[in-house]
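Listed in order, the protein sequences are those of chains A and B.
Residues 1 to 214 in our numbering are what the first sequence spells out, letter by letter.
Residues 1001 to 1110 in our numbering are what the second sequence spells out, letter by letter.
Glycine is no exception: its CB is placed at the ideal position from the N, C-alpha and C atoms.
Fair warning: this is a prediction, and the values are worked out from it, not measured in the lab.
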Amino acid sequence: MTSAADFVQPPRIATWLVNLFTSSDEESISGDLQEEFSQLEKKSGLAFARRWYWRQTLKTIAHLFGGAFRAAPWSTTATVVGGFLLLQFASRLPDKALSVVTDRYLAYWSNHFSAYMFWATDGMLIAHLIVSMFVGCVVAFAAKGREMVATITLDLVLSAMMGVTYFGWVAEHWPIHMALLWMLLQCSGSFAIVLGGAIVRTRRATAKPRPSCV
Amino acid sequence: MSGRDFLGEFEHIIVLAILRLEDRAYGVTVRQEIEFRTKREVSIGAVYATLDRLESKGYVKSHRGDPTPERGGRSKRFFRVTAKGAAAVNRTQRALQSMTEGLDLIQSHS
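Rendered as structure tokens:
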């Protein structure tokens, strides 16, 4: 009897990306892609089939993203606005926490200046990433079934604002190395939001396994 | 009759593909049929986005087949055109014929 293990598997990352945008009810999309990949692999070779699979994956994700947004534009927008406000509130917390700790243990920090510098720089960066990922998780949790659409939309809004801020102010007034560092910090925050969405989506997909015949 | 009773260009193509494929119409065959006949590369995402829209309008109906190993254990989703869909494709076809009647399209664009 032929099993799924007898067939050449398509690129895992591409399959994972498609699954992030499809629910278990839409498993036929992944199945169709895999079936055509197997046909192409036999007919035109593995390299050609892989290129085709990646091209189809990217186009399919774009259509699924647009379709999911059009299917529920208001609830997605509400989730994104909620996520934006939450991020504005939560992103101030690490700085506030550091200020409180610095004030309370001023004598300690005076004697351990390098430790203070670590928390003020690397520590803050890590805290901002954790906060961004947390916001991504909350947004994805609220946007059940459209986790990636909501987190990516929030990300696009933040990226647009970041672009305006960068070219309107940061690039003009800050030295180039500081401006690039600021840009890197913002980009890593955006990445963490989408990562949060992907984690929630993957957890939900794992909790509701796709049916299998093997 | 409202404007919504006509099919869009890609909707029209997809319904015609399903009609041609009869009981073999699912994502892969629909996509390949369109690519073969129109010489235009379409993504499976575009096909499903349109099929879902057609299903929500009541122009097509779908049912699941059995999962198969070459599909990684995932089932096929077969489509068929409803009576409402067949009426919509006829109406669209007639409207297009009426609009192109008397026009020598090949000559006028050469």
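One or two residues paired with B:R1074 in a DSSP bridge = B:T1068
Straight-line Cα distance separating B:V1030 from A:S44 | A:S44 and B:V1030: Cα-Cα distance of roughly 21 Å.
Span of the alpha helix (DSSP H), counted from its first residue to its last, around A:Y166 = That residue, A:Y166, is in no alpha helix (DSSP H); it is neither H nor E in DSSP.
Starting from the C-beta of A:A127, find all residues in its chain whose C-beta is less than 6 Å away, skip the five residues before and the five after it, and write them out in chain order.
-> Correct list, in chain order: P94.
Going along chain B in order, which residues have a C-beta closer than 8 Å to the C-beta of A:L195?
-> Neighbours of A:L195 on chain B: none; closest Cβ ~23 Å, over 8 Å.
Quick one, are the C-beta atoms of A:L129 and A:S188 less than 8 Å apart?
-> Taking a C-beta distance under 8 Å as the contact criterion, A:L129 and A:S188 qualify as a contact pair.
Alpha helix (DSSP H) segment containing A:D122, residue limits = Note, A:D122: premise wrong, no alpha helix (DSSP H); not H, not E.
C-beta neighbour in chain A for B:K960, strict 8 Å | Any property of residue 960 of chain B remains undetermined from this structure, which presents chain B solely from 1001 to 1110.
In terms of alpha-carbon separation, which member of B:R1024, B:Q1097, B:T1050 and B:A1017 lies closest to B:K1076?
-> For B:K1076, the nearest C-alpha among the options comes from B:R1024.
Looking at chain B, which residues of the region 11-36 of chain A have a Cβ within less than 7 Å of any of its Cβ atoms?
-> E27, S28, I29, S30, G31, D32, L33, Q34, E35 and E36
What residues in the region 1068-1080 of chain B have a beta carbon less than 8 Å from any beta carbon of chain A?
-> T1068, P1069, E1070, R1071, G1072, G1073, R1074, S1075, K1076 and R1077
Residue burial classification, A:Q9 (beta-carbon count within 10 angstroms, cutoff 16) = exposed
Residue range of the alpha helix (DSSP H) that A:Y108 falls in?
-> L106 to N111
Extent of the continuous alpha helix (DSSP H) to which A:P73 belongs | P73 to A90
What alpha helix (DSSP H) runs, 4 residues minimum, are completely inside the region 126-206 of chain A?
-> 147-165, all fully within the region 126-206 of chain A.
With distances taken between CB atoms, is the gap from B:F1028 to A:E36 smaller than 8 Å?
-> Sequence check: residue 1028 of chain B is Val here, not Phe. Cβ distance < 8 Å, so B:V1028 and A:E36 count as in contact.
Extent of the continuous alpha helix (DSSP H) to which B:A1025 belongs = It is not in any alpha helix (DSSP H) - B:A1025 carries neither H nor E in the DSSP assignment.
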